[in-house]
Every structure is written in structure tokens, then in C-alpha cells.
Amino acid sequence: MDNNNFIERIESNSKENVRAVFNRYFEEEISKLLNNDVRLYKRIVDNDKLKRKLESALFDLIYQEYDKIKKKGLENVK
């Protein structure tokens, strides 16, 4: 799933529905780490608590950034 596809999902679905597909997006991105940093990848996949916290924090961060961008766009319309 590319970033544009994910943004479209954010725009057209509830936060709960987006969270349901975010796990797949997160898994794809974490798998990309394997090519760049095997130690970091192993730390994340071997520690379920860390993995869940990281996934949750990234999901919340994405929504915060999306909300900022959306608000700026609305302010420019006024």
C-alpha cells in the first residue's frame, strides 16, 4: 500500500476502519527495515509489546499530522 492509498483511506473512512488496515501497512513498512537494519528489525519483531507500542504510536502520529495538514488547508480557504 503506498502513502497516497493510505491517505485516501484516512479521508474516506472512520479512524477505527483505518486502524483495521493499518496493521498490514505497518507490517509492510517494518519488513522494509529488514533490508536496512537487521538488528532493529529483530528487536521489533521479537518483542511483541514494543511492536504494538510502536505501531500504535505511529498510527497516532500519522493522524495528528494528517489533522494538521487538513486544518491548514481549511484555514487557507477562509
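Residue numbers for the sequence shown follow the numbering used here, so the first one is 808 and each next one is one higher.
Backbone N, C-alpha and C define an ideal beta-carbon position, used for all residues, glycine too.
Taking a C-beta distance under 7 Å as the contact criterion, K860 and I851 do not qualify as a contact pair. Secondary structure of S838 (DSSP, three-state): helix. In terms of Cα proximity to N810, the closest of F833, G880, N854, L847 is F833. If you draw a straight line from the Cα of E872 to the Cα of E815, it is about 14 Å long.
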